[in-house]
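Contents: one structure, followed by commentary.
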Amino acid sequence: MGIGQATAVLFGREGANVVVADINEEEGKATAKQIKDEGNEAIFVHVDVTKEDLVKRMAEMTATTYGGIDVLIANAGTFALGKIHELSNEEWDRIMNIDLKGAFWCCKHVIPYMLKRGKGSIVVTSSVNALVAEPELGVYCAAKAAMCGLVRAIALDYGPNNIRANALLPGTIDTPMNIEYFNAQRDPVLARREIEAIHGASGHTDGDGLLHGVPGQRRELLRHRLVHGG
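Heads up, the sequence shown is in this note's numbering, so the first residue is 2 and it goes up one at a time.
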């Protein structure tokens, strides 16, 4: 289970009206169904965060369906392996478009609804790699660090409007993306040991970190929350 899926399910259990927005229609619909099967409210909206018109449509559908938007979890992300001199311009742009520009567009099109509501909470899933690099993850590290800068700017600009912005910096979590990363290494077991020596033991997703990234107190305007081992 990925971080986004675990978070959506947990928010449903906490009583939120959940909009599951994903490029993977099959998995997104399955997550929305799981939330509804547990007796909670959810809909699925197909979105590709590299296409601004689809992100705008996602925000519009959310506000139309539920009367507004209180919380945004900007969680879409991916990675590319390679040292900087080996990366093509296309690979660099692909990661930046998904990880960084995708978060920017989500914030851009959700914030107007939060301004109308007079409040809101934005949580952006960055990574511990915003602070600590790993081998051959230069573009991923750059994107995740830039996401933290984006969050700081949003917190400063929109704090007076009672809109909070927080970044979550997960360590090594057993998500499908991280499993793909380890399996791409020459020695997956050794690679995992080396990374866990830096970040700590791998954990499993339960969404709790993102739930706590939506603070209830006005004074908690900005927080970069490190999550290790789950």
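We put the CB at the ideal spot given by N, CA and C, even for glycine.
Exercise. L170 and A131 look like a contact to me (Cβ under 8 angstroms); what is the Cβ gap, rounded to whole Å?
Worked result: Here the question's residue 170 lines up with position 169 in the sequence shown. Here the question's residue 131 lines up with position 130 in the sequence shown. The Cβ separation is near 6 angstroms, so the contact holds.
Exercise. So does the stretch 89-107 actually touch the stretch 42-62, counting three or more Cβ pairs closer than 8 angstroms?
Worked result: yes
Problem set entry | Own chain partners of G150 with C-beta closer than 6 angstroms, once the 5 adjacent residues on each side are dropped | Counting from one through the sequence shown, the residue named residue 150 turns up at place 149. Counting only Cβ-Cβ distances below 6 angstroms, and skipping sequence neighbours, we find nothing.
Exercise. In the DSSP assignment, what residue or residues form a beta bridge with I44?
Worked result: Taking the sequence shown and counting its residues from 1, one reaches residue 44 at position 43. I44 pairs with V20.
Exercise. Can you give the beta carbon distance from K120 to I164, rounded, assuming they're within the 8 angstroms contact cut?
Worked result: As a working mapping, residue 120 is identified with position 119 in the sequence shown. As a working mapping, residue 164 is identified with position 163 in the sequence shown. Indeed, because the Cβ distance is near 7 angstroms, the residues count as touching under 8 angstroms.
Exercise. Taking Cβ to Cβ, would you say N76 is nearer than 8 angstroms to T32?
Worked result: Counted from its first residue, the sequence shown places residue 76 at position 75. Counted from its first residue, the sequence shown places residue 32 at position 31. Against a cut-off of 8 angstroms, the Cβ pair of T32 and N76 comes out as no contact.
Exercise. Is DSSP giving P171 helix, strand or coil here?
Worked result: Within the sequence shown, the letter at position 170 stands for residue 171. If DSSP states are grouped into helix, strand and coil, P171 belongs with the strands.
Exercise. What residue range is occupied by the uninterrupted alpha helix (DSSP H) comprising V56?
Worked result: Walking along the sequence shown from the start, residue 56 turns up at place 55. That run of the alpha helix (DSSP H) goes E53 to Y67.
For this session: Could I get the ranges of all uninterrupted beta strand (DSSP E) runs contained in the stretch 108-162, with 3 residues as the minimum, in chain order?
Result: 121-126
Exercise. From M148 to E26, what distance separates their C-alpha atoms?
Worked result: To locate residue 148, count along the sequence shown from 1; it is residue 147. To locate residue 26, count along the sequence shown from 1; it is residue 25. Rounded to the nearest angstrom, the two C-alpha atoms are 26 angstroms apart.
Exercise. DSSP state of A31, grouped into three classes?
Worked result: Counting from 1 along the sequence shown, the entry for residue 31 is found at position 30. Reduced to three states, the DSSP call for A31 is helix.
Problem set entry | DSSP beta-bridge partners of R14 | Your numbering for residue 14 matches position 13 in the sequence shown. Note: R14 sits in no beta bridge, so no partner.
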